[in-house]
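A.B. asks:
In this note's numbering, the protein residues as written are 263 to 364.
1) Residues in its own chain within less than 8 angstroms of residue 337 by CB, not counting five upstream and five downstream?
2) How close, in whole Å, do the beta carbons of residue 324 and residue 335 come, if the pair is a contact with beta carbons under 8 angstroms?
3) Nearest CA to the CA of residue 327: which residue from 305, 339, 345 and 348?
4) Rounded to the nearest angstrom, what separates residue 310 and residue 319 at their Cα positions?
5) Among 363, 308 and 289, which one has its Cα closest to the Cα of residue 348?
6) In this structure, how does DSSP classify residue 324 when only helix, strand and coil are distinguished?
7) Please report the distance separating the alpha-carbon of residue 357 from that of residue 303.
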């Protein structure tokens with residue numbers, strides 16, 4: 263198999279690569295901020311609003327348990343949403359960039 267060499271500095275200056283990098287960075291940074299805040303709400307809320315986290319929801323299950331479990335579902339939802347956006351936008355931009363380079 264023949265080895266290809268790429269001009270990485272030219273790729274980095276390509277408008278399609280710049281658009282892909284900007285969109286992906288903006289998307290990931292925004293969701294990183296959201297998920298970090300959501301993650302830290304559990305320990306902060308448990309420390310500063312223990313009454314809220316002790317509210318009984320269903321039998322012995324309280325708001326704290328529900329909120330802690332919700333973090334799994336939020337993480338899965340974010341992963342599924344990222345896969346959707348990546349398949350729709352990031353992969354399309356990557357294909358366009360690769361096609362332009364060949």
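Ideal Cβ placement from N, Cα and C applies to all residues, glycine included.
C.D. replies: Quick answer:
1) Leaving aside the five residues that flank residue 337 on each side, the residues in its chain whose CB is nearer than 8 angstroms to its CB run, in chain order, 297.
2) 17 angstroms between Cβ atoms; not a contact.
3) Looking from the CA of residue 327, the closest CA among 305, 339, 345 and 348 belongs to 305.
4) The C-alpha of residue 310 lies about 20 angstroms from the C-alpha of residue 319.
5) Measuring from the Cα of residue 348, the nearest candidate turns out to be 289.
6) Taken through DSSP and simplified to helix, strand or coil, residue 324 comes out as strand.
7) Roughly 39 angstroms separates the two Cα atoms.
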